[in-house]
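*Asks:* The working numbering puts the first residue of the sequence shown at 4, with every later residue one more than the last.
I have a structure I would like to understand better, so I am pasting it below and will then ask my questions one at a time.
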Amino acid sequence: MEFETVIGLEIHAQMKTESKIFCGCSTEFGAPPNTHTCPVCLGMPGCLPVLNKRVLDFAIKVGLSTNSRINPVNQFARKNYFYPDLPKGYQTSQYDKPIIEDGFIDIEVDGEQKRIGITRIHMEEDAGKLIHNEMEPVSYVDLNRTGTPLLEIVSEPDLRSPQEASAYLKKIHAILRYLDVCDGNMQEGSFRCDANISLRPMGQQELGTRTELKNMNSFRNVQAALEFEVRRQRDLLLEKDKVIQQTLLWNPDTGKTEPMRGKEDAHDYRYFPCPDLIPVEIDELWIDKIRKGLPELPDQKRQRFIDEFSLPEYDAVILTESKELADYFEAAVAVCAQPKKVSNWMMTELLRELKGADIDQCLVKPNQLGTLLNMVEEGTISGKIAKTVFFDMLESGKDPEQIVKEKNLVQVSDESELLALVREIIEQNPSQAEEFRGGKTKVMGYFVGQLMQKTKGKANPKLANQLFNQELSG
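Structure (structure tokens):
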């Protein structure tokens with residue numbers, strides 16, 4: 004029996020505000036436990052929340068950037084459940100009147116585009132954090148994160164494979180980073196994901212029993228966990244066993260999902276309108292003002308790179324995966340007006356050496372890369388020497404001109420100096436010279452290699468080829 008996979012994602016993105024959603028406490032990450040708290044975010048009796056307007060602005064930005072409808076009236080609700088890191092006993096969220104609904108984004112997997120619906124995007128506060136002591140049966144509670152503003156982005160169940168889920172997640176991540184409303188740091192929990200997944204016989208309309216995978220904090224873990232769950236549910240269905248509706252955790256060490264608790268439904272939370280916060284009204288003037296300030300988004304930037312810089316689509320897709328990478332490319336092109344050459348260096352030498360780290364951590368600045376490529380074009384150094392200089396720049400952060408000067412790496416382009424060496428090499432290799440004259444032109448690489456050895460890679464390769472051709476043909 005063939006089964007169809009049905010996946011929906013719930014993304015939780017911390018908003019990049021300086022203060023929390025309902026109080027003035029700092030949202031800075033890494034502070035000592037329980038130092039960024041106050042009576043409001045601790046849920047003390049008699050304290051009233053005040054909504055942070057910037058969270059609203061950020062939510063509208065995200066709604067406009069995901070082709071969504073901004074509701075003119077939205078309302079906060081209390082989502083009731085008990086957990087040690089939730090001091091109030093409820094989470095202030097949104098239920099039947101969210102700020103954003105009915106959106107979509109387009110993703111591409113294996114060369115095919117697909118539209119993924121977005122059911123809703125709503126504002127809510129984050130909970131605290133439990134810290135478990137492995138040495139003794141004790142858990143500690145850090146409430147610094149309590150009240151940090153979140154946007155929850157809920158997709159339609161339109162995803163049909165773990166690969167599509169990963170592509171969707173990366174696209175949302177890029178949009179939020181381009182908008183500068185979320186730092187996207189998955190290790191710190193600023194961007195995390197829950198996934199609902201079920202299988203159903205191919206052609207069946209009714210959805211199968213779903214499980215929920217909680218709090219996955221990397222693109223790789225999301226895809227791996229979903230792939231495992233597809234296999235697990237498929238095996239159960241083939242054996243005529245039931246899939247239990249439950250919440251699961253992904254264990255990257257074992258490569259398996261593990262039960263956490265029974266899966267809740269909306270009625271389990273006993274939602275009701277928050278009596279401490281009035282409904283929020285948003286008019287068109289407010290929305291238009293934010294729309295005018297939207298930055299260029301990934302899809303727009305990718306198309307501009309293709310049109311303006313004549314880049315292949317593959318290059319444009321890679322270079323616009325993050326705003327920082329795209330900005331680096333444009334800054335380098337401003338110095339070296341050869342976009343394809345800059346793109347080639349970034350996608351090979353630069354990204355290979357970064358090994359997944361953010362471009363902001365790179366010691367080679369874009370203007371330095373542009374200068375290095377100009378030095379190759381002007382004949383100051385060879386392409387081979389440029390790679391040596393580049394690795395030095397990665398370690399030291401020095402300008403390429405300084406490195407070339409300190410190590411005496413200027414390309415040898417003096418014709419008389421090279422000609423003497425060319426004649427010497429031909430004289431020392433008579434059999435190879437005869438092979439060349441007999442039509443075996445590939446032997447030219449041998450001659451140029453000999454010259455590069457004698458000049459320690461500093462000979463101008465173009466001039467070297469010309470001189471060898473001239474002497475061997477003459």
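All C-beta atoms, glycine included, are put in the ideal place defined by N, C-alpha and C.
All values reported here derive from a predicted model rather than from experimental measurement.
(1) Measure from the alpha carbon of E232 to the alpha carbon of each residue in K259, L322, M263, P75, then state which is nearest.
(2) Pick out whichever of D186, R440, G373 has its Cα sitting closest to the Cα of Q341.
(3) Helix, strand or coil: how does DSSP classify P42 here?
(4) From what residue to what residue does the beta strand (DSSP E) around S80 run?
(5) Apart from the five residues on each side of it in sequence, which residues of its chain come closer than 8 Å, Cβ to Cβ, to L67?
(6) Quickly, what does DSSP pair C196 with across the bridge? List them, please.
(7) Could you work out which residue in P52, P278, K461, I121 is closest to K174 when comparing CA atoms only?
(8) Looking at the structure shown, is N224 part of a helix, part of a strand, or coil, going by DSSP?
(9) Rounded C-beta distance between Y272 and N83? I'm assuming under 8 Å.
(10) From R123 to I103, what distance separates their C-alpha atoms?
(11) Could you tell me the distance, in whole angstroms, from the CA atom of F85 to the CA atom of E128?
(12) Using only CA atoms, which one of I63, L328, F32 lies nearest to D145?
(13) Taking 8 Å as the cut-off, decide whether the C-beta atoms of Q226 and Q306 are in contact.
(14) Where in the stretch 284–355 do unbroken runs of the alpha helix (DSSP H), each at least 4 residues long, occur, reported from the N-terminal end onward?
(15) Alpha carbon to alpha carbon, what distance is there between Q405 and K459?
(16) Can you round the beta-carbon distance between L280 and F79 to whole angstroms, since I take them to be within the 8 Å contact cut?
(17) At the level of alpha carbons, what is the spacing between L376 and K326?
(18) Count the other CB atoms within 10 Å of the CB of C41; is the residue buried (16 or more) or exposed (fewer)?
(19) Could you compute how far the alpha carbon of Q249 sits from the alpha carbon of K390?
(20) I'd like to know whether the C-beta atoms of I14 and I200 end up nearer to each other than 8 Å.
(21) If you drop the 5 nearest sequence neighbours on each side, which residues of the same chain put their C-beta closer than 6 Å to that of Y143?
(22) Which partner residues does N468 have in the DSSP bridge list?
(23) What does a CB cutoff of less than 7 Å around I309 pick up in its chain, not counting 5 residues either side in sequence?
(24) Looking only at its own chain, which residues have a Cβ that is under 7 Å from the Cβ of R180, when we skip the five neighbours before and after it?
(25) Determine the direct distance from the alpha carbon of F394 to that of V425, and round the result to whole angstroms.
(26) Tell me whether A462 sits in a helix, a strand or coil according to DSSP, three-state version.
(27) Can you tell me which of the three DSSP states D256 falls into?
(28) Put Y86 into one of helix, strand or coil per three-state DSSP.
*Replies:* Result, derived from the coordinates:
(1) Taking only the C-alpha atoms, the option nearest E232 is K259.
(2) The closest CA to that of Q341, considering only D186, R440, G373, is found on G373.
(3) Correct three-state label for P42: coil.
(4) Contrary to the premise, residue 80 reads as Ala rather than Ser in this sequence. DSSP places A80 inside the beta strand (DSSP E), whose first and last residues are 80–83.
(5) These residues qualify, in order along the chain: I73, I290, I293, R294, L297.
(6) Answer is I14, M219, bridged to C196.
(7) I121 is the residue among P52, P278, K461, I121 whose C-alpha sits nearest the C-alpha of K174.
(8) N224: helix per DSSP, three-state reduction.
(9) Contact holds; Cβ gap of about 6 Å.
(10) If you draw a straight line from the Cα of R123 to the Cα of I103, it is about 5 Å long.
(11) About 15 Å.
(12) Residue F32 is the option with its Cα nearest to D145.
(13) In this structure, Q306 does not lie closer than 8 Å to Q226 by Cβ.
(14) For the stretch 284–355, whole alpha helix (DSSP H) runs of length 4 or above, ordered along the chain, are 287–295, 301–312, 316–322, 326–338, 342–348.
(15) For K459 and Q405, the gap between their C-alpha atoms comes out near 19 Å.
(16) Indeed, because the Cβ distance is near 4 Å, the residues count as touching under 8 Å.
(17) Distance from the CA atom of L376 to the CA atom of K326, rounded to whole angstroms, is 23 Å.
(18) Taking every protein chain shown into account, the CB of C41 has fewer than 16 other CB atoms within 10 angstroms, so this residue is exposed.
(19) Computed Cα separation, rounded: 54 Å.
(20) It is not a contact, given that the beta carbons lie outside the stated cut-off.
(21) I134, listed in sequence order.
(22) When DSSP reads this structure, N468 sits in no beta bridge, so it has no partner.
(23) Here the set comprises E316, A319.
(24) If we look at R180 and ignore the five residues flanking it on each side, its Cβ neighbours are G187, S325, K326.
(25) Looking at the two C-alpha atoms, the distance is approximately 30 Å.
(26) Here A462 sits in strand by DSSP.
(27) Reduced to three states, the DSSP call for D256 is coil.
(28) Collapsing the DSSP output to three states places Y86 in coil.
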